[in-house]
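Down below is the structure, laid out as structure tokens.
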């Protein structure tokens, strides 16, 4: 129902400021507690690290599965507590910008996690293909990937708890 | 100033707040929405009714934890209308 209306610049400005305030309040009310954000980000970091260093003959595979299960349980717990409070955050946001935001996050995490594993494997002489140039001879690759994932998860969970792309202009 | 995407139905303060909350959080329970807006049940119901009639809000009654709860969410038409309205406000502000 689109009606043509007359609206002044000041009225529009006031409405936008009010919207910005409401969106910020909504997001802060849905923000998980800091302890949960910290545990979730640490678990994601541990998962990334173990994914990068896991091999048949070591036990990092077990750590990888345990951390993955813990992340899933923690996410389920968060969603359950949100539901008790009266909010159901959809897995995929309804808006187009939200969907793009989630897709970019998935791509980013996939690149960092798989990149961390590939860089770790490529850095090992025993797994490097014969004659291949050691482009990623980085002993710190799993640590770097884990830190990137951990910090990104903490930032995104804290700033965008609903997965919806909401511009958070702090100047207003 | 004529505004082609300006939506007078959404622009009313409480309805604008309802759309903002629903667009930021997905599905919200009636009671929580009423608490956020600080209005009575009847006032909120009236605003929701007009948004529902326009096809912007979809209510869903579900039994959770043994009690009936009304959940509200924006429809895709509602998301589009709200997004277009906010864009229009931004265009007016310049």
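Residue numbers (our numbering), protein chains in the order written: chain A, 178 to 349; chain B, 38 to 131. Even for Gly, the Cβ is constructed at its ideal location relative to N, Cα and C.
For residue 319(A), which three-state DSSP category applies? helix
With a cut-off of 7 Å, does the C-beta of residue 333(A) fall near any C-beta of chain B? no
Residues of the region 95-120 of chain B whose Cβ lies closer than 8 Å to any Cβ of chain A, in chain order: 101, 102, 106, 108, 110, 111, 113, 116, 118, 120
Is the region 273-292 of chain A touching the region 82-89 of chain B in the sense that three or more CB pairs, one from each, lie closer than 8 Å? no
Residues of chain B with CB closer than 7 Å to the CB of residue 263(A), please, in chain order. 65, 66, 68, 69
Residue 126(B) at chain A interface by Cβ criterion, 7 Å: yes
C-alpha distance - residue 266(A) paired with residue 208(A), whole-angstrom precision: 12 Å
State whether the region 234-251 of chain A contacts the region 213-226 of chain A, with contact taken as three or more CB pairs (one from each stretch) at a distance under 8 Å. yes
Please classify residue 128(B) as buried or exposed, where buried requires at least 16 other C-beta atoms within 10 Å of its C-beta. exposed
C-beta contact flag for residue 61(B) and residue 225(A) at 7 Å: no
I need the boundaries of the beta strand (DSSP E) containing residue 107(B), first residue and last residue. 104-111
With a 10 Å radius around its C-beta and 16 neighbouring C-beta atoms as the bar for buried, classify residue 348(A) as buried or exposed. For residue 348(A), the predicted model reports a pLDDT of 47, less than 50, meaning its position is unreliable; a value from the coordinates is still stated below. With fewer than 16 other Cβ atoms within 10 Å, it is exposed.
Counting pairs of Cβ atoms below 8 Å between the region 229-244 of chain A and the region 314-327 of chain A, do you hit three or more? yes
Can you give the Cα-Cα distance for residue 273(A) and residue 235(A), rounded to whole angstroms? 43 Å
Proximity test, Cβ basis, 7 Å: residue 58(B) and chain A: yes
Is the beta carbon of residue 263(A) sitting closer than 7 Å to the one on residue 69(B)? yes
How should residue 94(B) be labelled, buried or exposed, when 16 other C-beta atoms within 10 angstroms of its C-beta is the threshold for buried? buried
I'd like to check one pair, residue 54(B) with residue 199(A): are the Cβ atoms closer than 7 Å? yes
For the region 44-56 of chain B, enumerate the residues whose C-beta is nearer than 8 Å to any C-beta of chain A, in chain order. 44, 45, 46, 48, 50, 53, 54
Spatial neighbours of residue 52(B) within its chain, please: C-beta separation below 8 Å, excluding the five flanking residues on both sides. 46, 84, 87, 88
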